[in-house]
Amino acid sequence: QTSAASAATTSYALPVVSGLSGAVVMDTRGNEAVTISGSNFGPAAATATTATITSTVTAMYQNALLRGLAGVAIKALSCAVVVPHVKLVCTSAEGIGHGHRWMVTVGGQQSDWSAHTTSYARPAVAMLALSDGSAPALKTDGSDFVTITGTNFGPAHDDSNATTIASAINASYGGLYEVHGCEVIEAHTRMRCPSAEGVGRNHSWRVTVGDQTSAASAATTSYALPVVSGLSGAVVMDTRGNEAVTISGS
62 QTSAASAATT SYALPVVSGL SGAVVMDTRG NEAVTISGSN FGPAAATATT ATITSTVTAM
122 YQNALLRGLA GVAIKALSCA VVVPHVKLVC TSAEGIGHGH RWMVTVGGQQ SDWSAHTTSY
182 ARPAVAMLAL SDGSAPALKT DGSDFVTITG TNFGPAHDDS NATTIASAIN ASYGGLYEVH
242 GCEVIEAHTR MRCPSAEGVG RNHSWRVTVG DQTSAASAAT TSYALPVVSG LSGAVVMDTR
302 GNEAVTISGS
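With positions in the sequence shown counted from 1, the corresponding number in our numbering is that position plus 61.
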């Protein structure tokens, strides 16, 4: 005969994360393996019974100090206990940002946030073009959009994430001009940024994604050459000078 269930209970100890290895600098596309060392992770999935147990092992990572999408909690795509009780392997999800601390949940019990962190890789700029695909000769009034091709730009904009992504992405060029309102138009590899009012040539670009800034691009943009289309005012000038000539153009 079996007794009724006791009012007194037992619990397994909380999981503890003591180390991270593997893809500690991750591609923003995700799908990379991060190894988590610690304790109280439960048995490995070797039988149907333990598979049921390990299906309750999950992990998430976050740096809440970052803005926008870079600061939201990201859930790992999957986790599995590979060494009973002491080692997990989790698959990263797409994202942006750096300094993410990890939390593991085992059987409904959460660890503290890890002291160790992972980061997504810094963005890199490879090519620049105007939005119509032509060579990047910008109007000085800042009315152009520049398409930037590279890597580690993060997820593409859509209606569900546009605000959080936009707040985490900007660009600068020439050491003079900073632009906001950039949009990732092809996940992780292409973004479009507005230009700013300006002048000059051979401006290298840097993009900032999730508080991480790329190196200056080898590719450059220049503002279009000035064009003189008309003269008015003192077109017949006194030899003593000091008269106003109005120059029209672009």
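All C-beta atoms in this analysis are idealised placements derived from N, C-alpha and C, irrespective of residue type, glycine included.
Which residue or residues does DSSP assign as beta-bridge partners of residue i?
| i | result |
| --- | --- |
| Q62 | DSSP, once it has assigned bridges, lists no residue as partnering Q62. |
| H264 | T282 |
| M121 | K136 and M164 |
| S180 | V86 |
| E239 | S233 |
| A248 | For A248, which the question treats as bridged, DSSP gives no partner whatsoever. |
| T71 | The partner list for T71 (beta bridge, DSSP) is empty, contrary to what the question assumes. |
| T300 | DSSP output for T300 lists no bridge partner at all. |
| A141 | V150 |
Please name the residue, chosen from the options, that lies closest to residue i on a Cα-to-Cα basis.
| i | options | result |
| --- | --- | --- |
| C140 | I157, R128, V133 and W163 | W163 |
| S82 | E155, S278, M252 and A176 | A176 |
| G156 | A229, L189 and P145 | A229 |
| A182 | L191, T274, M252 and T117 | T274 |
| S204 | A134, E244, R301 and Y284 | Y284 |
| I135 | H146, D173, T300 and G91 | G91 |
| V85 | G132, N101 and T152 | T152 |
| W174 | S64, G132 and Y122 | Y122 |
| G160 | A65, S98, A125 and L130 | A125 |
| D219 | T282, V77, S79 and L130 | L130 |
| T74 | E93, L138, V147 and M188 | Looking at the sequence provided, one finds Ala at residue 74 rather than Thr. Closest option to A74, Cα to Cα, is V147. |
| T282 | A295, S290, N303 and Y238 | Y238 |
| V167 | P184, I97, L191 and A305 | I97 |
| A257 | M188, G302, D272 and F206 | F206 |
How many angstroms separate the CA atom of residue i from the CA atom of residue j?
| i | j | result |
| --- | --- | --- |
| T201 | I209 | 19 angstroms |
| G235 | H249 | 24 angstroms |
| T115 | V150 | The predicted model places T115 with a pLDDT of 47, which falls under 50 and marks its position as unreliable; any figure quoted below should be read in that light. Approximately 12 angstroms, taken between the alpha carbons. |
| T117 | F214 | 32 angstroms |
| V268 | A120 | 30 angstroms |
| T307 | G261 | 22 angstroms |
| G132 | N231 | 16 angstroms |
| V165 | A280 | 42 angstroms |
| V95 | I246 | 28 angstroms |
| S293 | G310 | 12 angstroms |
| T111 | P104 | Only weak support exists for where T111 lies, its pLDDT of 48 falling under 50; the coordinates are left without a value. |
| A198 | H264 | 11 angstroms |
| P255 | H241 | 7 angstroms |
| G211 | G99 | 36 angstroms |
| M252 | A276 | 16 angstroms |
| P76 | W266 | 45 angstroms |
| A109 | V142 | The predicted model places A109 with a pLDDT of 39, which falls under 50 and marks its position as unreliable; any figure quoted below should be read in that light. C-alpha separation (whole angstroms): 14 angstroms. |
| P145 | F102 | 7 angstroms |
| A137 | E93 | 10 angstroms |
| V186 | D88 | 15 angstroms |
| R128 | A68 | 46 angstroms |
| Q170 | G158 | 26 angstroms |
| T179 | P287 | 48 angstroms |
| A66 | P216 | 50 angstroms |
| V270 | P184 | 7 angstroms |
| G291 | A154 | 58 angstroms |
Quick one: give me the first and last residue of the beta strand (DSSP E) that residue i is part of.
| i | result |
| --- | --- |
| N231 | I230 to Y234 |
| C151 | K148 to T152 |
| T166 | H161 to V167 |
| M252 | R251 to P255 |
| T307 | V306 to G310 |
| L292 | V289 to G294 |
| I157 | Element bounds for I157: n/a, residue is neither H nor E. |
What alpha helix (DSSP H) runs, 4 residues minimum, are completely inside the segment 183-214? none
Let me know the beta strand (DSSP E) ranges lying completely inside the segment 76-107, each 3 residues or longer, listed in chain order. 77-83 and 94-100
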